[in-house]
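Chemist: The listed protein sequences derive, respectively, from chains X and C.
Numbered per this note's numbering, the first sequence finishes at 196, counting up by one with no gaps.
Numbered per this note's numbering, the second sequence finishes at 357, counting up by one with no gaps.
Heads up, the beta-carbon is just placed ideally off N, CA and C, and yes, glycines get one too.
No experiment lies behind these values; they were computed from the predicted model shown.
The structure under discussion is supplied below as structure tokens; questions concerning it will follow.
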Amino acid sequence: MSTINFAAREINCKIVYYGPGMCGKTTNLKHVFGRVPEHLRGEMVSLATEDERTLFFDFLPLDLGSVQGFKTRFHLYTVPGQVFYNASRKLILRGVDGIVFVADSAPNRLRANAESMRNLRENLAEHGIDVRDVPIVLQVNKRDLPDALPTEMIRAVLDPKKELTLYEASAAQGVGVFETLKAASRLVLEKLSQNR
Amino acid sequence: MIEPSLALYGEAYARVDQHLEELLEQTGVRYCLLVDRKGFVLSHKEALWAPRPPALDSVATLVASNAAATAALANMLGERTFSEQTHQGDNGTLYVESVGDHALLTLIFDSSVALGKVKVYTRKSIEKVVVILDEIAEMPQPELGDDFSKGAVSLLDDLLG
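Written out as structure tokens, the structure reads:
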């Protein structure tokens with residue numbers, strides 16, 4: 001649930017980028033950081049290993065502006081994708097308001113995508129959250145790979161009932177990054193209005 | 197969801213604010229922040245003489261994440277939680293103490309301030325603040341209507357195209 005500070009007139013929402021290792025979660029955030037005007041974003045904090053793999057999380061605060069007198073802000077997080085960092089992933093999901101699931105289009109990452117989605121469901125359940133209660137957007141990334149799997153094949157594995165909004169992306173080129181974030185933010189805002 | 201949403205408003209906010217102000221004066225610390233468990237700043241105070249504060253969003257996020265990781269560590273060691281964390285550098289100290297299950301009180305100060313004194317006064321403040329946060333948790337939360345959603349989506353269009 002979003003944190004609303006009525007006295008300070010602030011609303012804060014937490015969006016988490018989830019997905020298998022090296023699928024492009026941090027690249028998404030870096031692109032947002034690089035393209036959003038400086039006065040609308042805070043510092044990007046990256047807790048990464050020496051080879052730039054996310055160790056704990058990346059964090060980027062983003063100011064939407066003032067809505068009905070409320071300064072509205074999104075806090076974007078990534079989780080570490082590698083299987084062995086599950087404790088960190090679980091912690092980052094605390095209080096999540098919306099999720100961007102980033103899938104990797106490489107043929108040899110299909111299983112990793114599926115395992116990460118299953119891991120997301122399990123970790124949400126451990127926080128007492130039903131996966132259907134959280135706004136989730138599916139981003140199929142690395143569409144620029146020459147041997148990228150068909151999007152529908154990836155969706156069939158991750159979202160067989162076609163319940164999630166899907167965006168194709170090449171985060172390294174900045175393609176589809178904003179569209180995905182916008183869709184997730186929109187879902188979070190709609191839920192915020194409905195719940196209160 | 198497991199994480200409680202905190203909505204500080206009206207008189208409750210003013211009371212929390214007052215307690216932080218008093219704590220600042222009593223201890224002589226530079227900055228005093230009340231942060232929720234998700235890493236959002238609920239309230240903050242700084243001494244008049246303090247230099248420009250660091251990015252508070254980043255501080256709050258890292259403090260909350262650190263507290264969450266420390267709590268997980270506590271559980272692994274058979275403790276319910278570790279209620280306080282102290283990070284001491286050559287020149288400065290960061291002291292964090294749990295405010296019940298809701299929030300974290302964070303104080304940042306230089307070497308001229310005694311940690312023991314900070315701990316004593318912080319605990320007294322926490323006793324008062326935790327009562328207010330408990331009261332808030334039971335209050336009905338004001339509603340945000342469809343107009344809010346429409347206004348926010350319009351801003352999203354401006355920001356993200």
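(1) Output needed for A264 of chain C: all residues of its chain with C-beta closer than 8 Å, excluding positions within five of it in sequence on either side, in chain order.
(2) Report the three-state DSSP secondary structure of K162 of chain X (helix, strand or coil).
(3) With a Cβ-Cβ cutoff of 8 Å, do S105 of chain X and R143 of chain X count as a contact?
(4) Taking the continuous beta strand (DSSP E) assigned at L60 of chain X, which residues delimit it?
(5) How long is the line joining the alpha carbons of E334 of chain C and H298 of chain C, rounded to whole angstroms?
(6) Taking DSSP as the reference, what is the three-state secondary structure of S279 of chain C?
(7) Say whether the segment 314-325 of chain C touches the segment 206-221 of chain C, bearing in mind that this needs 3 or more beta-carbon pairs closer than 8 Å, one atom from each stretch.
(8) Which of the three DSSP states, helix, strand or coil, is assigned to T199 of chain X?
(9) Got a sec? Which residues, its chain only, sit under 7 Å from K191 of chain X by beta carbon, not counting five neighbours each side?
(10) Just to confirm the assignment, what range does the alpha helix (DSSP H) spanning N28 of chain X have?
(11) Can you pull the chain X residues whose beta carbon is under 9 Å from the beta carbon of A268 of chain C, in chain order?
(12) Go to F344 of chain C, then tell me how far its alpha helix (DSSP H) extends in each direction, as first and last residue.
(13) Taking Cβ-Cβ distances shorter than 9 Å, what residues in chain X pair up with R233 of chain C?
(14) How long is the line joining the alpha carbons of G34 of chain X and L76 of chain X, rounded to whole angstroms?
Modeler: Answer, in terms of the structure:
(1) Counting only Cβ-Cβ distances below 8 Å, and skipping sequence neighbours, we find R233.
(2) Three-state DSSP puts K162 of chain X in coil, outside helix and strand.
(3) For the pair S105 of chain X and R143 of chain X, the CB atoms are nearer than the 8 Å cut-off.
(4) Boundaries of the beta strand (DSSP E) around L60 of chain X: T54 to V67.
(5) E334 of chain C and H298 of chain C: Cα-Cα distance of roughly 13 Å.
(6) The answer is coil: DSSP assigns S279 of chain C none of H, G, I, E or B.
(7) In short, these stretches touch, since the Cβ pair count reaches three.
(8) With chain X running from 1 to 196 in the structure shown, residue 199 of chain X is simply not present.
(9) These residues qualify, in order along the chain: P135.
(10) Looking at the DSSP string, the run of the alpha helix (DSSP H) that includes N28 of chain X is K25 to R35.
(11) Here the neighbours are A87, K90 and L91.
(12) Its alpha helix (DSSP H) spans residues D342 to L356.
(13) One finds R94 and G95 in chain X with Cβ atoms closer than 9 Å to the Cβ of R233 of chain C, taken in chain order.
(14) The C-alpha of G34 of chain X lies about 14 Å from the C-alpha of L76 of chain X.
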